[in-house]
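J.: Below you'll find the structure I mean.
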Amino acid sequence: NRCDEILLDGSNRPKPGPKPQTYSHAQKIRAAMTHIFGRIFNLGRTVWYRDENSGRMRGNPSCSERVASYMISLRRRKACMGESITSARAITSATFLKMYDFNHHEENWTLQPYTPGSRSKKAEDIHKWGGPMAR
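In structure tokens, the structure reads:
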């Protein structure tokens, strides 16, 4: 509800009210709900459906066709309102160039003996990772 211009009752959000959240925020909420229903409540990632034998609803509600349709329409409305929709997997040519340059430095290809790294958030050197030959 906080991400949409349209309220749950179908009316438009009042203009002087708070600015709605972004589409990216809506994607994060849906991902969190998919995780909660799937992992915490053990419903998996099966599409939400009515069981013909028992008449009960089965599967993960956040994976329903209605939620998927809503997310598509929300994305379209956000784009029409001028919000720039960015894929979570979007990568720019500048990032590709940095990766290419990093992967072609000679020091990144010489094999080093194994030394255990730190798991703390204050790692000393972010470039000391497994390397190209690590499994």
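One rule links them: number in this note's numbering = place in the sequence shown (from 1) + 5.
C-beta: ideal position from N, C-alpha, C; glycine also.
1. Going by DSSP in three states, N108 sits in which element: helix, strand or coil?
2. For V72, which residues does DSSP report across the bridge?
3. Identify every run of the alpha helix (DSSP H) within the region 17-68, keeping only runs that are complete inside it and at least 4 residues long; order them along the chain.
4. May I have the straight-line CA-CA distance separating M104 from M38, to the nearest angstrom?
5. Taking 8 Å as the threshold (beta carbon to beta carbon), is I77 in contact with chain C?
6. Would you tell me roughly how many angstroms separate the C-alpha atoms of C85 and R61, rounded to the nearest one?
7. Apart from the five residues on each side of it in sequence, which residues of its chain come closer than 8 Å, Cβ to Cβ, to R35?
8. What do you get for L116, buried or exposed, if any count of 16 or more other CB atoms within 10 angstroms of its CB means buried?
9. Mind checking P21: buried by the 16 CB within 10 Å criterion, or exposed?
T.: In brief:
1. Helix, per DSSP.
2. Paired residue(s): none; V72 is not in a bridge.
3. Runs of the alpha helix (DSSP H) inside the region 17-68: 28-40.
4. Rounded to the nearest whole angstrom, the CA to CA distance from M104 to M38 is 34 Å.
5. Going by chain labels, chain C is absent from the structure shown, which holds only one protein chain.
6. If you take the alpha carbons of C85 and R61, they lie about 38 Å apart.
7. Cβ neighbours of R35 within its own chain (closer than 8 Å, five residues either side excluded): S67, V72, M76.
8. Here L116 is exposed: its Cβ has fewer than 16 other Cβ atoms, across all protein chains shown, within 10 Å.
9. With fewer than 16 Cβ atoms within 10 Å of its Cβ, P21 is classed as exposed.
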